[in-house]
Amino acid sequence: MATDIRLKETELQSVTDQLVESYSTCGRLHHLGHEPLPNREAVADILADLYEVIYPGYGRRQNLNTSNITYYVGSLVDALHDKLTQQITRALRHDRCHEEPDNDCEAEGQQVAVTFLQRLAGVRQVLEVDVEAAYRGDPAAKSHHEIVFSYPGLEAITAYRLAHELSDLKVPYIPRMMTEIAHSKTGIDIHPGATIGPGFFIDHGTGVVIGETTEIGNNVRLYQGVTLGALTFDRDDGGALVHGAYKRHPTLRDNVIVYANATILGGRTEVGESAVIGSNVWLTKSVEPFAVVVLDNPQHKVKGGKTRAAQEELIYHI
Amino acid sequence: MATDIRLKETELQSVTDQLVESYSTCGRLHHLGHEPLPNREAVADILADLYEVIYPGYGRRQNLNTSNITYYVGSLVDALHDKLTQQITRALRHDRCHEEPDNDCEAEGQQVAVTFLQRLAGVRQVLEVDVEAAYRGDPAAKSHHEIVFSYPGLEAITAYRLAHELSDLKVPYIPRMMTEIAHSKTGIDIHPGATIGPGFFIDHGTGVVIGETTEIGNNVRLYQGVTLGALTFDRDDGGALVHGAYKRHPTLRDNVIVYANATILGGRTEVGESAVIGSNVWLTKSVEPFAVVVLDNPQHKVKGGKTRAAQEELIYHI
Amino acid sequence: MATDIRLKETELQSVTDQLVESYSTCGRLHHLGHEPLPNREAVADILADLYEVIYPGYGRRQNLNTSNITYYVGSLVDALHDKLTQQITRALRHDRCHEEPDNDCEAEGQQVAVTFLQRLAGVRQVLEVDVEAAYRGDPAAKSHHEIVFSYPGLEAITAYRLAHELSDLKVPYIPRMMTEIAHSKTGIDIHPGATIGPGFFIDHGTGVVIGETTEIGNNVRLYQGVTLGALTFDRDDGGALVHGAYKRHPTLRDNVIVYANATILGGRTEVGESAVIGSNVWLTKSVEPFAVVVLDNPQHKVKGGKTRAAQEELIYHI
Numbered sequence: 001m002a003t004d005i006r007l008k009e010t011e012l013q014s015v016t017d018q019l020v021e022s023y024s025t026c027g028r029l030h031h032l033g034h035e036p037l038p039n040r041e042a043v044a045d046i047l048a049d050l051y052e053v054i055y056p057g058y059g060r061r062q063n064l065n066t067s068n069i070t071y072y073v074g075s076l077v078d079a080l081h082d083k084l085t086q087q088i089t090r091a092l093r094h095d096r097c098h099e100e101p102d103n104d105c106e107a108e109g110q111q112v113a114v115t116f117l118q119r120l121a122g123v124r125q126v127l128e129v130d131v132e133a134a135y136r137g138d139p140a141a142k143s144h145h146e147i148v149f150s151y152p153g154l155e156a157i158t159a160y161r162l163a164h165e166l167s168d169l170k171v172p173y174i175p176r177m178m179t180e181i182a183h184s185k186t187g188i189d190i191h192p193g194a195t196i197g198p199g200f201f202i203d204h205g206t207g208v209v210i211g212e213t214t215e216i217g218n219n220v221r222l223y224q225g226v227t228l229g230a231l232t233f234d235r236d237d238g239g240a241l242v243h244g245a246y247k248r249h250p251t252l253r254d255n256v257i258v259y260a261n262a263t264i265l266g267g268r269t270e271v272g273e274s275a276v277i278g279s280n281v282w283l284t285k286s287v288e289p290f291a292v293v294v295l296d297n298p299q300h301k302v303k304g305g306k307t308r309a310a311q312e313e314l315i316y317h318i
Numbered sequence: 001m002a003t004d005i006r007l008k009e010t011e012l013q014s015v016t017d018q019l020v021e022s023y024s025t026c027g028r029l030h031h032l033g034h035e036p037l038p039n040r041e042a043v044a045d046i047l048a049d050l051y052e053v054i055y056p057g058y059g060r061r062q063n064l065n066t067s068n069i070t071y072y073v074g075s076l077v078d079a080l081h082d083k084l085t086q087q088i089t090r091a092l093r094h095d096r097c098h099e100e101p102d103n104d105c106e107a108e109g110q111q112v113a114v115t116f117l118q119r120l121a122g123v124r125q126v127l128e129v130d131v132e133a134a135y136r137g138d139p140a141a142k143s144h145h146e147i148v149f150s151y152p153g154l155e156a157i158t159a160y161r162l163a164h165e166l167s168d169l170k171v172p173y174i175p176r177m178m179t180e181i182a183h184s185k186t187g188i189d190i191h192p193g194a195t196i197g198p199g200f201f202i203d204h205g206t207g208v209v210i211g212e213t214t215e216i217g218n219n220v221r222l223y224q225g226v227t228l229g230a231l232t233f234d235r236d237d238g239g240a241l242v243h244g245a246y247k248r249h250p251t252l253r254d255n256v257i258v259y260a261n262a263t264i265l266g267g268r269t270e271v272g273e274s275a276v277i278g279s280n281v282w283l284t285k286s287v288e289p290f291a292v293v294v295l296d297n298p299q300h301k302v303k304g305g306k307t308r309a310a311q312e313e314l315i316y317h318i
Numbered sequence: 001m002a003t004d005i006r007l008k009e010t011e012l013q014s015v016t017d018q019l020v021e022s023y024s025t026c027g028r029l030h031h032l033g034h035e036p037l038p039n040r041e042a043v044a045d046i047l048a049d050l051y052e053v054i055y056p057g058y059g060r061r062q063n064l065n066t067s068n069i070t071y072y073v074g075s076l077v078d079a080l081h082d083k084l085t086q087q088i089t090r091a092l093r094h095d096r097c098h099e100e101p102d103n104d105c106e107a108e109g110q111q112v113a114v115t116f117l118q119r120l121a122g123v124r125q126v127l128e129v130d131v132e133a134a135y136r137g138d139p140a141a142k143s144h145h146e147i148v149f150s151y152p153g154l155e156a157i158t159a160y161r162l163a164h165e166l167s168d169l170k171v172p173y174i175p176r177m178m179t180e181i182a183h184s185k186t187g188i189d190i191h192p193g194a195t196i197g198p199g200f201f202i203d204h205g206t207g208v209v210i211g212e213t214t215e216i217g218n219n220v221r222l223y224q225g226v227t228l229g230a231l232t233f234d235r236d237d238g239g240a241l242v243h244g245a246y247k248r249h250p251t252l253r254d255n256v257i258v259y260a261n262a263t264i265l266g267g268r269t270e271v272g273e274s275a276v277i278g279s280n281v282w283l284t285k286s287v288e289p290f291a292v293v294v295l296d297n298p299q300h301k302v303k304g305g306k307t308r309a310a311q312e313e314l315i316y317h318i
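Following this line, the structure appears as structure tokens:
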């Protein structure tokens, strides 16, 4: 038995040695000897605090009213200032510490945090229009409460609008972390770099992808599974992808509706004002304002099979 | 430094003032001065307790047997009664307190909680048929244990069947909260108002959407990405959507199979008994019993390109 | 009031009795009197520890460097050995206790745990190639850090690669539990039995399904909503599905790219080296190396409607 334990210890020591050895050969997978990155749990916590400030009375703390709300929000804002300063400073320091060692990242982090907080009231005004658009766009919505309280589309849009402000303030890492937290919970993947006007509504939402350089006007509505994606990638002379935000995703003008699982691709593809794109349509060219694009009478074969086995013959041997 | 701190305090005070000001102008985003809504964490906790009662021995508590199970379930039922009464009462009070101030919401909440608990044994009988349908329908299923233990389809169907009972008992908010908790975990979005017979199986499931007025018969099987959605919305004379559960989603009769990413739309669309709808089909008209609907020989262009660049020429310039 | 309480007690007692009674009739939903299964929280915890060992410095613990990393990883490996032994032993004992009562499941569990840990350094070498493929394949990627830190595709692939090793070591339950944990967080469903070469990249990823007998070569790239699925199921003479890993999912050779929402089905379907499958393509036949398969000029009807009502006439009455 003692031998067994020694054997086990030797084996585990050898596992550790192999892993540590692999940190020198597989350099892309570790983050040793770097300044710390923003912390995922801390960013999730900041996002949760921001929801409290934006939708007070719906979340953690209920029984709020006009008398006690100032104290509650005041203390949240105070805490958010500190938490944001810490994480933004980490993100700034991580990316710049070697290049600009004398830069006062903490002072810059604090200033960015304050600027971001000053924009929150403006973000709320846009979200107010988003909630109204959801109510107007979904016959299953029983009330505005239900939308704020339980619609994943609004949760993803809220995370995007907050992340977009941080992205606009040139904060690294944290914007994408925020939209990925929402992606994980809702299945809706909106890149923080996208530009989206007020009155935006996503119904159901699972599988929606909105790329980095997408432009969306006012009062646009999307359903589940819609992709607003890239059609071409720029390459350098060696054939490697160019990394950066050149326009490669489509533009949707005001009042566009895109039904479930439609795919719209390309940086020069523009969907004109008030156009409607039908379910499952695959679009790589621009369409005029007020156009309606639907699948042409879909090419189906309909046959009958009186038994499951006869049916399988049909469906599997086309 | 002292000036800096005072400056920061002034700035943050001003952020708080702007936010509080915005609560009077953006009325749809806050919930101030209302009766409290059901609490999200409490509803998630209730759902977790219900899974323990329905699938005893698979979850939190293992090592259960026929001797100790009565004590375990008895104490769960007792706790569920209290938790359900509290949250259902909140939901009822929130929606009725202004209209019917004298209504005894707590007595009603308790009665609804008991009626719901009395239905659980019946829900289990339906779920038993669902588990068997999953085993019969998935060749990758190694055992019934694996299905109960790790299939997201069964998790979403369980949440739907519980939420549907509460919806049937006219409880506001909580049914949708329950199905959205399951939606977030599984990517499967089933409206609690839908009607679904026993023997229902969803394989993989991410992206499935089943609308509020969908009717599904016995022994129906769906794959990932299937939409059972609306084709038309009713509007009032002013052009605004009518909110309410008029029939706008399809009907699937017994033994229907719908393969991955098919889309079936419309309240008058009926898929007849034992019909099979193929992958990616887009269907807005009724089909006969035993029909097989597949994409007609899909219109592909197949070309060759000896280099990636030549291939991209082809794929991007259609 | 006392009557009320007694009435309530009687009602709840009757709910418990019905539920306990249902455990004898609905045998598939409970797990009473069995050896315990692996614990879900424990497996999630193991997966989290494995991420720490594979991507040190990115997760829970930051500020790691070449001096302190050996201590950190050594203590994680030690804890992982114990946790893995316990859960693997449960999985082995659960499935074999009746058949092989004398088998020393704990000794076997410990040996499997050690063998699995010995493979981790090799798994890291494959993941290094995966991360590089993600950077080369996504123009929105700002850095390798961002990929490791926030790309759901890499998270799902990591869980798959770990689960695949346990599956290869014939451990029941735990592999599927691991991939379902990742499925829930990322919307990407990879069966642990699939075979996938290095340099694998999934962008966005929600809705991706990769079946049990799929074979994927080196440097393959998939986008969101891609299904690699089954086209036929084997049945026994009685018409029941055969359960087991016979080849029913496709093969993708080296350097294949499959764009968003494409569906590739069937165990004899082979996508040749360097072929490109376009967005929304539905493929059930093999394609040659270097082929490019795109939707033929998609059959759309484009019409105009100057008002939303006129548009709805068009879109809803095809």
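Chains as they are written, first to last, in the working numbering: chain A, 1 to 318; chain B, 1 to 318; chain C, 1 to 318.
Ideal placement from N, C-alpha and C gives every residue a C-beta, glycine not left out.
**Message:** Suppose you measure from the CA of residue 178 of chain C to the CA of residue 104 of chain B; what does that come to, to the nearest Å?
**Reply:** 48 Å
**Request:** For residue 68 of chain A, count neighbouring C-beta atoms within 10 Å of its own C-beta (all shown protein chains included) and say buried if the count is 16 or more, exposed if not.
**Result:** exposed
**Message:** Could you check if residue 87 of chain A belongs to the surroundings of the ligand ZN, using beta carbon to heavy atom distance under 6 Å?
**Reply:** The model on display carries no ligand, and the ligand ZN is accordingly not part of it.
**Asked** What residues in the region 63-88 of chain C have a beta carbon less than 8 Å from any beta carbon of chain A?
**Response** 63, 64, 65, 66, 69, 70, 73, 74, 77, 78, 81
**Request:** Identify, in the order they occur along the chain, each residue of the same chain with its Cβ nearer than 8 Å to the Cβ of residue 278 of chain A, setting aside the five sequence neighbours on each side.
**Result:** Within the same chain, residue 278 of chain A has close Cβ partners 259, 262, 292, 293, 294, 295.
**Message:** Cutting at 6 Å between CB atoms, please list the residues of its own chain near residue 85 of chain A, excluding the five before and the five after it.
**Reply:** 109, 110, 113
**Request:** From the DSSP output, read off the bridge partner residues of residue 215 of chain C.
**Result:** C:195, C:251
**Request:** List the residues of chain C that residue 247 of chain B touches, going by C-beta distances under 8 Å, in chain order.
**Result:** Near residue 247 of chain B there are no residues of chain C at all, since even the closest Cβ is about 15 Å away, more than 8 Å.
**Helix, strand or coil at residue 308 of chain C [DSSP, three-state]** = helix
**Candidates C:155, C:142, C:56, of which the one nearest residue 95 of chain A by Cα** = C:142
**Request:** Select from A:33, A:117, A:289, A:64 the residue whose C-alpha is nearest the C-alpha of residue 35 of chain B.
**Result:** A:64
**Prompt:** With which residues is residue 270 of chain C paired in a DSSP beta bridge?
**Reply:** C:251
**Message:** I want to verify the contact list: residues of chain B whose CB lies under 7 Å from the CB of residue 61 of chain C, in sequence order.
**Reply:** In chain order: nothing, as chain B lies at least about 27 Å away.
**Request:** Determine contact between the region 131-142 of chain A and the region 160-171 of chain A, defined as no fewer than three beta-carbon pairs at a distance below 8 Å.
**Result:** no
**residue 280 of chain B: contacting residues in chain C (beta-carbon distance under 9 Å)** = 261, 263, 280, 282
**Prompt:** Is DSSP giving residue 133 of chain B helix, strand or coil here?
**Reply:** Residue state, collapsed to three classes: helix.
**Asked** Does residue 128 of chain A have its Cβ less than 7 Å from a Cβ in chain B?
**Response** Any Cβ of chain B closer than 7 Å to the Cβ of residue 128 of chain A would place that residue at the interface, and such an atom is present.
**Message:** Between B:222, B:43, B:133, B:246, which has its C-alpha nearest residue 231 of chain B's C-alpha?
**Reply:** B:246
**Asked** What number of angstroms, rounded off, separates the C-alpha of residue 307 of chain C from the C-alpha of residue 275 of chain A?
**Response** 10 Å
**Request:** Using a threshold of 7 Å, state whether the C-beta atoms of residue 43 of chain B and residue 174 of chain B are closer than that.
**Result:** yes
**residue 149 of chain B (DSSP reduced to helix, strand or coil)** = helix
**Message:** Can you tell me whether residue 61 of chain A is helix, strand or coil according to DSSP?
**Reply:** coil
**Request:** Output, in chain order, the set of chain A residues within a Cβ distance shorter than 9 Å of residue 222 of chain C.
**Result:** Within 9 Å Cβ-Cβ: nothing; residue 222 of chain C doesn't reach chain A, min ~13 Å.
**Prompt:** Of the choices C:81, C:54, C:23, C:47, whose alpha-carbon is the least far from that of residue 340 of chain A?
**Reply:** Given that chain A is displayed from residue 1 to residue 318, the structure contains no residue 340 of chain A and the question cannot be resolved.
**Asked** With 16 other CB atoms within 10 Å as the buried threshold, where does residue 210 of chain A fall?
**Response** buried
**Residue range of the alpha helix (DSSP H) that includes residue 179 of chain C** = Counted as a single uninterrupted DSSP element, the alpha helix (DSSP H) harbouring residue 179 of chain C occupies residues 174-186.
**Asked** Who pairs with residue 142 of chain A in a beta bridge, going by DSSP?
**Response** According to DSSP, which records beta bridges pairwise, residue 142 of chain A is partnered with nothing at all.
**Asked** Are residue 30 of chain B and residue 57 of chain A close, meaning C-beta to C-beta below 7 Å?
**Response** It is a contact, given that the beta carbons lie within the stated cut-off.
**Separation of residue 38 of chain A from residue 62 of chain C, as counted between CA atoms** = 10 Å
**Request:** Give the interface partners of residue 148 of chain C over in chain A, defined as CB-CB distance under 8 Å, in chain order.
**Result:** 28, 29, 31
**Span of the beta strand (DSSP E) around residue 263 of chain A** = 263-265
**Prompt:** Roughly how many whole angstroms lie between the Cα atoms of residue 107 of chain C and residue 8 of chain A?
**Reply:** 12 Å
**Request:** Give the straight-line distance between the Cα atoms of residue 283 of chain C and residue 235 of chain A, rounded to the nearest whole angstrom.
**Result:** 29 Å
**Asked** Just to confirm, are residue 128 of chain A and residue 253 of chain B a CB contact at a threshold of 7 Å?
**Response** no
**Request:** Please state if the CB of residue 212 of chain A and the CB of residue 193 of chain A are separated by a distance shorter than 7 Å.
**Result:** yes
**Neighbour-count burial assignment, residue 205 of chain C, 16 or more Cβ in a 10 Å radius** = buried
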